[in-house]
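Asks: So that we are looking at the same thing, I have put the structure below in structure tokens.
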Amino acid sequence: MERFDLVVIGAGPSGYAAAMRAIDFKKRTLLIERAKVGGAGVTNGALSSKTWWELSREASAFRKSLKRYNIKEPAVNYKEIQNEVRKAVQERKSMLEEHMDKLKRSNYSHLLQFKSGTARLKNKNEIEIVQGAQIETVWAENIILATGSRPRYLPELPIDEKIVMTSDGIENMEDFPESMVIVGAGVIGCEFATIFSGFGRTKVHLIDKGERILPFEDADVVSIIERNMENNGVLIHRNSRLIGMKTINNRVEYELEYTDGSRETFNVEKALVSVGRIANLEDLWDDKVGIDISKRGIDNNDTQTNVPNVYAVGDLTADISLVNVGELEGRYAVERIFGKPLRKLVYENISTIMFLNPEVAGVGLNETQAEEQKIDYKVVTVEYNTIPRAIAKRNTQGFIKLLVTNDEAMKILGMKVVGNNASSAIQAVAVLISMDKGIEELAECVHPHPSITEGIQECVRMLLGKSLFKPSALRECLSCRKRIGGVYEDIVF
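Take a look at the structure:
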């Protein structure tokens, strides 16, 4: 029986990151994957959907430019778009595989092995690997479970991945549907609503049980997103509940009940069900292994399960299901096993991005979270129309919002950026939050001109009372206020 210092089950983002970190410690490592290297993060998740989003955004911007030059809009070829997405996925998958192959022919050859097959823990050290008719068992001193997740099915819906689909099936459509209903107005549902409405070929319906989409986000963020969706023809079913869905003549008929008791029936070509994901835990270990699980996934303490040599990372746990978080957890688990992490694993200051119209990036707390936690804070907002780079790009829709503590230290609580290049604007602030720093460091930065990040500097200067533009003079573009005990008041300089 072959023996390893570490066996990682699952070669998605978290498992791959764990295996690569393990060879840094010069530990003999086996990485096992039953399907595709890269996992859902590459094949039908983050990379593929964001490639769809980029192409949709490009198509939408192109249509607007055509109007400027009075040129007729060309048709969007679905197959070409689909092939471009598949090429992006294959590029990433090939790079991961090539990387492993070259490692096996380098100085790391004695450290890393890769096996295809379905893995199952027979006990806390032995793993059975099945590939077709071949079965082998290996021994591991330590094990990391990183088998990822899959879309959640609602049993009452006729999901066939052809007419009523999840994110798994949507990749295989033959053409843009003329209409589509999306069940679930969370981040993924809203991203797909943005994607398909952006191509201009699909009438999108979005079912939302509340008054507004994305209820965890601040109202000013949601206002821009909803307005752009509706301007692109998205029908948002607010305050609605799906009470029935069926397929008739290869189309989808669904019925909604609204909070006022009224009902309405709609007919569309396709349906996308986006109601979360569930962990791939089935048949992963024998009962005698005794790993504790809950409704949300594997119970763990700092990535370690109740079985001391078995760790769980990524979508298997109850923590945040994001690629960057999964990679962080995979690396952290290895550092716990073979070394000592430099810092504790925390989730409070994870940088996030929502691929909407416009994109939304954030780090730390937003106002909604700060209010829920009853934190007193100062908040400053700078609209994109005051930022030269946004003006030059001819797209001034968006804003930068910075939250700090309501004291002299003004330590950064969080930041939200809505607009073009939002994701590139938050990293400096993310570092300062992790260092528990105030805003003085930001005030001293010299930003390139013109750049979106100049808006961050203007936020800081406003808090320090030395901004270029004064909020009292440009109230429609700038705001600076504080929250004390649930009461808001403007800060006047």
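Under the working numbering, think of the first position of the sequence shown as 7, with each following residue one higher. By construction, the Cβ of each residue, glycine as well, lies at the ideal position given by its N, Cα and C atoms. Remember, it's a predicted structure, so these values are computed and weren't measured experimentally.
Just to confirm the assignment: which complete alpha helix (DSSP H) runs, minimum length 4, are found wholly within the region 166-238?
Replies: Taking 4 residues as the minimum length, the alpha helix (DSSP H) runs contained wholly in the region 166-238 are 193-204 and 225-237, in order along the chain.
Asks: If distances are taken between C-alpha atoms only, which option among E460, S54, D298 and K73 comes closest to T392?
Replies: E460
Asks: Could you tell me if K301 is buried or exposed, where buried requires 16 or more neighbouring beta carbons within 10 angstroms of its beta carbon?
Replies: exposed
Asks: Would the beta-carbon of T208 fall within 8 Å of that of M235?
Replies: no
Asks: Can you tell me which of S440, V352, S457 and R467 puts its alpha carbon nearest to the alpha carbon of L448?
Replies: R467
Asks: Would L484 and V388 qualify as a contact pair, given that the criterion is a beta-carbon distance under 8 Å?
Replies: Taking 8 Å as the cut-off, the beta carbon of L484 is found closer than this to the beta carbon of V388.
Asks: Quick check on D214: buried or exposed, where buried means 16 or more other Cβ atoms within 10 Å of its Cβ?
Replies: Burial call: buried.
Asks: Provide the residue span of the beta strand (DSSP E) that contains P157, from first to last.
Replies: S155 to P157
Asks: When you compare each of A431, V240 and Q140 to M186 by their alpha carbons, which one comes out closest?
Replies: V240
Asks: Residues in the same chain with beta-carbon distance under 8 Å from S280, minus the five sequence neighbours each way, listed in chain order, please.
Replies: Taking S280 as the centre and dropping the five residues before and after it, the same chain places the C-beta of P157, T172, S173, I188, V189, G190, G192, I194, G195 and F198 closer than 8 Å to its C-beta, in chain order.
Asks: Assuming contact is defined by CB atoms lying nearer than 8 Å, are I15 and A139 in contact in what I supplied?
Replies: no
Asks: Tell me, to the nearest whole angstrom, how far the beta carbon of G368 is from that of Y390; I am working on the premise that it is less than 8 Å.
Replies: Taking C-beta atoms under 8 Å as the contact rule, G368 and Y390 fail to qualify, at a distance of about 16 Å.
Asks: Is it the case that the region 403-414 contacts the region 329-349, given that we only count it when at least three CB pairs across the two stretches are under 8 Å?
Replies: no
Asks: Can you give the Cα-Cα distance for V5 and G282, rounded to whole angstroms?
Replies: The question about residue 5 has no answer, for the chain in this structure spans 7 to 499.
Asks: Keeping to the same chain, check which residues put their C-beta closer than 6 Å to that of L220; ignore five residues upstream and five downstream.
Replies: The residues are V228.
Asks: Hey, I381 and I356: beta-carbon distance below 8 Å or not?
Replies: no
Asks: Pull up the CB-CB distance for E142 and I135, whole angstroms please, since I reckon it's below 8 Å.
Replies: A Cβ-Cβ distance of about 5 Å is found for the pair E142 and I135, placing them in contact under the 8 Å criterion.
Asks: What are the uninterrupted segments assigned as beta strand (DSSP E) that are 3 or more residues long and contained completely in the region 16-85, given in chain order?
Replies: You should have 35-39.
Asks: Would you mind sorting M101 into buried or exposed? The rule is 16 or more other CB atoms within 10 Å of its CB.
Replies: Burial call: exposed.
Asks: Determine the extent of the beta strand (DSSP E) in which F1 is found, giving its start and end residues.
Replies: Absent from the model: residue 1. The displayed extent of the chain is 7 to 499, so no value can be given.
Asks: By the three-class DSSP mapping on this structure, what secondary structure does L348 have?
Replies: coil
Asks: May I have the straight-line CA-CA distance separating L61 from L53, to the nearest angstrom?
Replies: 12 Å
Asks: Please name the residue in L290, F222 and N83 whose C-alpha comes closest to that of A318.
Replies: With distances taken between Cα atoms, A318 lies closest to L290.
Asks: What did DSSP end up calling H116 once you bin it into helix, strand or coil?
Replies: Per DSSP, reduced to three states, the secondary structure at H116 is coil, with no helix or strand assignment.
Asks: What are the boundary residues of the alpha helix (DSSP H) that A434 is part of?
Replies: Q433 to S440
Asks: Does the distance from the CB of G123 to the CB of I38 come in under 8 Å?
Replies: Result yes, Cβ atoms of G123 and I38 sit closer than 8 Å.
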